[in-house]
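Enquirer: Numbering (our numbering), first residue to last: 8 to 362. Here a beta-carbon is modelled for each residue, glycine too, at the ideal position from N, C-alpha and C. Because the structure is a prediction, the values reported are computed rather than measured.
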């Protein structure tokens, strides 16, 4: 592997095709590009290799596609922004460049970055490619390109309305400092925590944009994070978020196949969640614990109609929190009583009445 690169491309696996095409165009511009699938060695610790490589790159481009950023990408983003801050304190520059792919919703956490590259309308725009190349070299965009960047920033609204704040929106999430502090303490001391409040009270936001960024900053423990919404197939939803952590280097087709296999094995109790968590952490040396967020817990009762599936899901999580290095945080609407959802009685800490 080369000792350094001009630019490190951070992306979600589902955007691989578009990002690899972009990487090839950057190579044509005589840039040395790090794309994980070009260089990472199968069977080695991806996390350590990624962190070491990112530390040697001259710039990082964070490619944002449709949907939220993935767990690996979130880590890369934090490492990049931390390095940027440290570099600027020394009076130097380390470019971190947000790249918007088709369908992307701009993350608020990057609003402080001077150069954005918006490929949402056209991924092969030569003017935008020139903006990106200049940004990688630490050069300001030309006058025409500056107008394009300003146009992109003008489309971004820091107010999420009825949408929840995501982890990548954390710098614009305010007003919950005390709750976040209490929630962080609860998660550090208990393996099962519930956040209970009325619909629209901000439960999802306080967990995703409040708790998670604070845990990532912790110097004492390195967290991996996975978030699920139960839907009508909670075990499949759980398998879908665990599989990318368990097998990060398989193709999208294989991922779908293996997700279905894992869901079936969990449902038939041939495999336990605690066993999957143990394997995930073994394959990520340096990661201490998994945070599993179950957002909208009430869907287990409103959407899932199979009592056996529901009980299997709940029992697996309870067993995992008792025996594995995993913490579960669930969010729950306050109008669902403890009598309907008995797991609340087993939560050592429940934040009730969130307003």
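1. Drop a sphere of 10 angstroms on the beta-carbon of residue 4, count the other beta-carbons inside from all chains shown, and report buried for 16 or more, exposed for fewer.
2. Looking at C-alpha atoms only, which residue of 214, 138 and 81 is the closest neighbour of residue 186?
3. Please give the ranges of any alpha helix (DSSP H) in the segment 258-325, keeping only runs that are unbroken, at least 4 residues long and fully inside the region.
4. Measure the Cβ-Cβ separation of residue 92 and residue 15 and say whether it is below 8 Å.
5. Tell me, to the nearest whole angstrom, how far the beta carbon of residue 233 is from that of residue 299; I am working on the premise that it is less than 8 Å.
6. Where does residue 12 fall in DSSP's three states?
7. Any idea which residues DSSP pairs residue 72 with across the strands?
8. If we call anything under 8 Å between Cβ atoms a contact, is residue 212 one with residue 180?
9. Comparing C-alpha positions only, which one of 84, 24 and 313 sits nearest to residue 44?
10. Going by DSSP in three states, residue 113 sits in which element: helix, strand or coil?
11. One question on the structure: do residue 281 and residue 330 come within less than 8 Å of each other, judged by their Cβ atoms?
12. Roughly how far, in whole angstroms, is the beta-carbon of residue 323 from the beta-carbon of residue 279, given that I think they are within contact range, below 8 Å?
13. Quick check on this structure: which residue in 225, 294, 303 and 274 has the alpha carbon closest to the alpha carbon of residue 315?
14. So what does DSSP say about residue 176, is it helix, strand or coil?
15. Across the segment 76-86 and the segment 33-40, are there enough close Cβ pairs to call them in contact, namely three or more that are closer than 8 Å?
16. By the 10 Å Cβ neighbour count, where 16 or more other Cβ atoms means buried, how is residue 74 classified, buried or exposed?
17. Buried or exposed: residue 264, going by 16 or more other Cβ atoms within 10 Å of its Cβ?
18. Return yes when the Cβ of residue 138 is within less than 8 Å of the Cβ of residue 111, no when it is not.
19. List, from N- to C-terminal side, the alpha helix (DSSP H) runs of 4 residues or more that fit wholly inside the segment 220-265.
20. Exposed or buried, which one is residue 364 when buried takes at least 16 other CB atoms within 10 Å?
21. Do residue 237 and residue 244 have their C-beta atoms closer together than 8 Å?
22. If you follow the beta strand (DSSP E) that residue 194 is in, where does it begin and where does it stop?
23. Pull the bridge partners of residue 329 from the DSSP assignment, please.
24. Check residue 27 in the structure and name its three-state DSSP category.
25. Taking the continuous beta strand (DSSP E) assigned at residue 200, which residues delimit it?
26. Where does the unbroken beta strand (DSSP E) through residue 105 begin, and where does it stop?
27. Just mark residue 227 as buried or exposed, buried being the case when its beta carbon has 16 or more other beta carbons within 10 Å.
28. Tell me the residue span of the alpha helix (DSSP H) that contains residue 122.
29. DSSP puts residue 334 in a beta bridge; with which residues?
30. Among residues of its own chain, excluding the 5 on either side of residue 27, which ones have a beta-carbon nearer than 8 Å to its beta-carbon?
31. Tell me which residues share the same chain as residue 130 and place their Cβ nearer than 8 Å to its Cβ, disregarding the 5 neighbours each side in the sequence.
32. If I'm right that residue 40 touches residue 13 with Cβ under 8 Å, what's the distance once you round it to whole angstroms?
33. By alpha-carbon positions, which one of 172, 173 and 223 ends up nearest to residue 191?
34. Using only the alpha-carbon positions, how far apart do residue 220 and residue 286 sit?
35. How is residue 92 classed by DSSP in three states: helix, strand or coil?
36. What span of residues does the alpha helix (DSSP H) with residue 142 cover, start to end?
Expert: This is what the structure holds:
1. The structure shown does not extend to residue 4, since the chain is modelled only from 8 through 362, so no value can be given for it.
2. In the chain shown, the residue the question calls residue 186 occupies position 179. Residue 186 has its Cα closest to that of 214, out of 214, 138 and 81.
3. 259-274, 280-289 and 306-309
4. Working through the chain shown from its first residue, we reach residue 92 at position 85. Working through the chain shown from its first residue, we reach residue 15 at position 8. No.
5. Here residue 233 refers to the residue found at position 226 of the chain shown. Here residue 299 refers to the residue found at position 292 of the chain shown. Yes, residue 233 and residue 299 are in contact; Cβ-Cβ is about 5 Å, under 8 Å.
6. Position 5 of the chain shown, counted from the first residue, corresponds to residue 12. In this structure, residue 12 counts as coil in the three-state DSSP scheme.
7. Taking the chain shown and counting its residues from 1, one reaches residue 72 at position 65. None; residue 72 has no bridge partner.
8. Translated into the one-based positions of the chain shown, residue 212 becomes position 205. Translated into the one-based positions of the chain shown, residue 180 becomes position 173. Against a cut-off of 8 Å, the Cβ pair of residue 180 and residue 212 comes out as a contact.
9. Residue numbering aside, residue 44 sits at position 37 when the chain shown is read from its first letter. Nearest C-alpha to residue 44: 24.
10. Here residue 113 corresponds to residue number 106 of the chain shown, with the count starting at 1. Coil at residue 113, not helix or strand.
11. Translated into the one-based positions of the chain shown, residue 281 becomes position 274. Translated into the one-based positions of the chain shown, residue 330 becomes position 323. Yes; because the gap between Cβ atoms is below 8 Å, this pair is in contact.
12. For the purposes of this step, residue 323 is taken as the residue at position 316 of the chain shown. For the purposes of this step, residue 279 is taken as the residue at position 272 of the chain shown. Yes, they are in contact, since the Cβ atoms of residue 323 and residue 279 sit about 6 Å apart, within 8 Å.
13. The sequence position of residue 315 within the chain shown is 308, counting from 1. Residue 315 has its Cα closest to that of 274, out of 225, 294, 303 and 274.
14. Translated into the one-based positions of the chain shown, residue 176 becomes position 169. The answer is helix: DSSP assigns residue 176 an H, G or I state.
15. no
16. Position 67 of the chain shown, counting from 1, holds the residue named residue 74. Per the 10 Å Cβ criterion, exposed.
17. Stepping through the chain shown from its first residue, residue 264 is reached at position 257. The residue in question, residue 264, is exposed, as its Cβ has fewer than 16 Cβ neighbours within 10 Å.
18. Within the chain shown, numbered from 1, the residue matching residue 111 stands at position 104. Within the chain shown, numbered from 1, the residue matching residue 138 stands at position 131. No. Outside cutoff.
19. 241-253
20. Shown here, the chain extends from 8 to 362; a query on residue 364 therefore has no answer.
21. Here residue 237 refers to the residue found at position 230 of the chain shown. Here residue 244 refers to the residue found at position 237 of the chain shown. The answer is yes: Cβ separation under 8 Å.
22. Within the chain shown, the letter at position 187 stands for residue 194. No beta strand (DSSP E) contains residue 194, which is instead part of the alpha helix (DSSP H) from 184-196.
23. Taking the first residue of the chain shown as 1, we reach residue 329 at position 322. In DSSP, residue 329 forms no bridge with anything.
24. Numbered from 1 along the chain shown, position 20 holds the residue referred to as residue 27. Of the three classes helix, strand and coil, the one that applies to residue 27 here is helix, per DSSP.
25. Numbered from 1 along the chain shown, position 193 holds the residue referred to as residue 200. Per DSSP, residue 200 belongs to the beta strand (DSSP E) from 199-204.
26. Sequence index remark: in the chain shown, residue 105 carries index 98 (1-based). First-last of the beta strand (DSSP E) with residue 105: 103-107.
27. Indexing the chain shown from 1 puts residue 227 at position 220. Under this definition residue 227 is an exposed residue.
28. The residue given as residue 122 occupies position 115 in the chain shown. Where residue 122 is concerned, there is no enclosing alpha helix (DSSP H), given that its DSSP letter is neither H nor E.
29. Here the question's residue 334 lines up with position 327 in the chain shown. Paired residues: 298.
30. Locating residue 27 in the chain shown gives position 20, where the first residue counts as 1. Contacts found: 42 and 44.
31. Translated into the one-based positions of the chain shown, residue 130 becomes position 123. Around residue 130: 25, 28, 29, 108 and 109.
32. Taking the first residue of the chain shown as 1, we reach residue 40 at position 33. Taking the first residue of the chain shown as 1, we reach residue 13 at position 6. With 8 Å as the limit, residue 40 and residue 13 qualify as a contact, their Cβ atoms being about 7 Å apart.
33. Within the chain shown, residue 191 is the residue found at index 184, counting from 1. The shortest Cα separation from residue 191 among 172, 173 and 223 belongs to 223.
34. Here residue 220 refers to the residue found at position 213 of the chain shown. Here residue 286 refers to the residue found at position 279 of the chain shown. Cα to Cα, residue 220 sits roughly 24 Å from residue 286.
35. Locating residue 92 in the chain shown gives position 85, where the first residue counts as 1. Helix at residue 92.
36. By 1-based counting over the chain shown, the position of residue 142 is 135. Element bounds for residue 142: 133-143.
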